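Notes follow the structure.
Residue numbers (this note's numbering), protein chains in the order written: chain A, 195 to 685; chain B, 33 to 522; chain C, 6 to 101.
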């Protein structure tokens, strides 16, 4: 982009809430079930059927709203959004147009720092609202026709609408990562974009820098991954810049992103925009929000990821390089919390989780990333607490601990059992170690001289053979003292 | 046993109990009667006599084991073609649903089945309940049993005509703007629209969700009360259904005879002004005079926004309908046009072919009043005036227990007379629609015949949940007159 | 209230109802009659009046517990649908 323009971006994010049943019927929902096996007369909009609200959807959306700092409305109502589409059984969508459940709110984002190890700048992105609406069914296309699976129809969606408050594709990415993490912490959705549990539309316009009036926007639909959001925004900024640079006007339109072609295509112009004919749904009654319940929900709200990260840095003295990894994954940081509750050694525990555990997860997952969830393994938080404890008590060395770690990850046995079964506890048999030390001193006259000349590190050359001889079981602290005493006694 | 078909429920119940006749014999009597008169009346779109006889045999079987279910056990009930009955066609008198079979029972049907009633027939109606004459049915027009070249009223014309001609004992209809009361008046039977929310709408194919109610047709007030009692009650499947204690209307009626409460009745000036047929005016006034002579207090009242009811109703009802009928789209279970080329083609042509003229007219009107730029001027304004209409009634009911009006401005009209002039057809609902807008209960009671031998109906409007009041008031009139025994010459 | 004439073509498109030319003409006349009659509503000042969306004032109607109910056998949908394949409803190719 030339320097003339600034991009202004607003996002609309649809998140599937984790209810067991649909928002207006008791039909169950599960991702990946056989096509049309999870419908009922209400879902299919058979003649004579009526919607009944699933209270759980209100509860989860309110929780999400509180997590994102929204005000929870005193009353929310249901509207019909009328449009014909074959995946929408009623040909209207039940939504909250006039009176949404959650108002305002914001999401704290962290922009990428100068390097991965350095914390970036933080800022808050304002939200306009969050409202509830129903998901349509799913269309799939063949070369000749389209097939409809109505399983997904009626699943509750929370639509999170930002203010036009983002100014680059990087900010949009940072926002989506933060938002996704916040939602995962709140536990109201799984946010798996591949499974369609989180979807995004982007509104993009350009304006001359240092002006405040918004330019004409286009809306990009069908963004089903964060990398698609980034690519689509960048494509759109480029496209609009070219239009403006050639002194043409940007048309207000809806465009569809094609992830294969890495291009967007115009779907419809403003003139062709839908006339949704919103009106209050006569079949559903208003919901008056119970303030006491909101207070309870607020009280029980989980810590946000960035608050948790700040706490780890401040109270636990953990470095950014560790906390940024730990807190970016709710399962990981919850795992850390559990381990920490059993043995209070935050740094050591965090290190095992961020280094050893993540490595094991990565090498054991099919895709090679850390997408394998801890729950799917035999690993328990208590194992790590115990492992740190035995290392700190000098029962095993850090080197042995690595071996124990792999073993407990694979077998699900606790570290003490592994140490006992394999006879891994450190040998502190003074006579044997003393003999080995004396042997090492005798074999390394050069290192002894260097040590005596003040190169204290030279002593390390002696340790290797001793460790090898004891299979790593010699306690390094004991070894240090003994070697020093023996060398000094040589004089 | 020849005229079992014109008997009332109390007589039939007694006869069944005493084994004077069986439910199968009763059902056969109705089938014979229907075979005899149906070619003139044409009340049914569809009927499964075998299935009805099977249900009757089951009822007889229960009775022989002393396991009779309820007050309607063994009594046939005719069903308007807009209420879902599991395994039966549900066409709403539309080509759109020509081959649709409902996979589930409406709540009221479930209740009737639990009470042992025999669910019989798909009674004719205006397509999707849109009309006041039953001329807008894709399956032919029903005739008024009193005068075959007249319409029976609508939209529940089949339900009214079947009861009047002795084809069924009682029937269910639905009422969005008068669709029970107006055909009841035209066919000389009792028809009642309950308080909005008293009867579950689950399984009633929605026309205008905030106005629709299911209600009974019967040849006398007691039968209407019995049928009503078996379909009321809270239903968790209908969010607009209300949690109110159910009343035993029949015993209330029986009690009232012993100690007739003298109610205060309101007579709204606006309902007796221009456009009202002179004979109807006379008959209703005569009835009011009778009440006065019996010690009822008569008060003139005013419902000042009555004049606005028709436009308010047609805006709200068509707006809701335009959205409610969007599900009939050619995709999942309705008529789908042949040789379609695109998805829009599928929508446009399936709906263009599947819907009749009146339905299209109302969909267009309802779509228009909701469309961008017109919402505030039409829909929002209509909803605001709806509040005022409700307030008019609230105010009136501070002074009176019930309100008496004519049910219709004219008696039944000749078929085809108004079908090309929608506005004059809409004005036929002028006395009934305010009741739906306000959510109140009302019934139409026969109060005699015109010189042309066409029935005249009187409307009694009650307070919210004032069903027992209006039933009692109607019953008092009915038992002191012979009108309920008037029968059409078929 | 607008005295603008109703654009039948536009409204029919919104409503996805195909109309013949004759139907369009007839409807235009009838709609303008009906809308003319609706102008009565302008006689009232509706400022500060609450709209009435429901016949009864009821709130907080919902299902508790998020407990799954029964499902419709998918064979029933296949039977009902004008066209189906592999348990799914078939429609002409949707481009959007």
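Yeah, the Cβ is synthetic: ideal placement off N, Cα and C, and Gly gets one too.
Note that the coordinates shown come from a computational prediction; the quantities given were computed from them, not determined experimentally.
Out of B/195, B/200, B/184, B/202, the CA that lies nearest to the CA of residue 211 of chain B is found in B/184. If the five residues before and after residue 644 of chain A are omitted, its C-beta is found closer than 6 Å to the C-beta atoms of 652, all from its own chain and listed in chain order. In the three-state reduction of the DSSP assignment, residue 147 of chain B falls in the coil class, being assigned neither a helical nor a strand state.
Contact check for residue 275 of chain A and residue 287 of chain A: beta-carbon distance about 5 Å, within the 8 Å limit, so the pair qualifies.
Judged by their CB atoms, residue 391 of chain B and residue 162 of chain B are nearer to each other than the 8 Å cut-off. Within the stretch 412-473 of chain B, the runs of alpha helix (DSSP H) that reach at least 4 residues and sit entirely inside it are, in chain order, 413-428, 454-458, 465-470. Among the bridge pairs identified by DSSP, residue 675 of chain A is matched with none.
Your pair residue 219 of chain B and residue 240 of chain B does not check out as a contact, with CB atoms roughly 23 Å apart and the cut at 8 Å. Our two residues, residue 388 of chain B and residue 22 of chain C, have alpha carbons roughly 11 Å apart in a direct line.
For the options A/419, A/676, A/650, A/618, the alpha carbon positioned closest to that of residue 632 of chain A is the one of A/676. Around the beta carbon of residue 350 of chain A, a 10 Å sphere encloses 16 or more other beta carbons of the protein chains shown; the residue is thus reported as buried. Within the stretch 37-51 of chain C, 38, 39, 42, 43, 45, 46, 49, 51 place their CB atoms closer than 7 Å to a CB of chain B, listed in sequence order.
For the stretch 110-122 of chain B, the beta-carbon criterion of a distance under 9 Å to any beta-carbon of chain A is satisfied by 114, 115, 116, 122. Taking C-beta atoms under 8 Å as the contact rule, residue 206 of chain B and residue 74 of chain B fail to qualify, at a distance of about 19 Å. In terms of CA proximity to residue 377 of chain A, A/209 leads the group A/209, A/637, A/291. Closest in C-alpha terms to residue 424 of chain B, from the list B/38, B/36, B/93, B/472, comes B/472. Taking C-beta atoms as the reference points, residue 423 of chain A and residue 385 of chain A fail to come closer than 8 Å.
Residues of chain C whose Cβ lies closer than 8 Å to the Cβ of residue 233 of chain A are, in chain order, 76, 77, 79, 82. Sorting A/216, A/244, A/516, A/252 by C-alpha distance to the C-alpha of residue 345 of chain A places A/216 at the top. Using a 10 angstroms sphere on the CB of residue 585 of chain A, the tally of other CB atoms reaches 16 or more, which defines it as buried.
The beta-bridge partner set that DSSP reports for residue 393 of chain A consists of A/208. In the DSSP assignment, residue 345 of chain A falls outside any beta strand (DSSP E) and carries neither an H nor an E. Per DSSP, residue 643 of chain A lies in no beta strand (DSSP E) segment; the continuous alpha helix (DSSP H) that holds it begins and ends at 639-646.
For residue 98 of chain C, no alpha helix (DSSP H) run applies, since DSSP gives it neither H nor E. With contact defined as three or more Cβ pairs closer than 8 Å, the stretch 537-552 of chain A and the stretch 575-594 of chain A are in contact. DSSP places residue 379 of chain A in no beta strand (DSSP E) but in the uninterrupted alpha helix (DSSP H) bounded by 363-380. Note that the C-beta distance between residue 283 of chain A and residue 238 of chain A is below 8 Å.
Residue 48 of chain B and residue 98 of chain B have their C-alpha atoms some 12 Å from each other. Against chain A, a Cβ distance below 9 Å from residue 13 of chain C picks out nothing, because the smallest value is about 15 Å. The three-state reading of DSSP puts residue 255 of chain A in helix, counting H, G and I together. DSSP links residue 286 of chain A through a beta bridge to A/276. For residue 375 of chain B, the uninterrupted alpha helix (DSSP H) segment begins and ends at 375-386.
Cα atoms of residue 393 of chain B and residue 85 of chain C: separation of roughly 27 Å, rounded to the nearest angstrom. Judged by beta-carbon spacing, residue 609 of chain A lies within the 8 Å limit of residue 577 of chain A, meaning their Cβ atoms are closer than that value. Looking only at A/666, A/647, A/641, the smallest Cα-Cα distance to residue 655 of chain A is reached by A/641. Apart from the 5 residues on each side of it in sequence, residue 417 of chain A sits with its Cβ closer than 8 Å to the Cβ of 393, 394, 395, 396, 423, 426, 451 in its chain, given in chain order.
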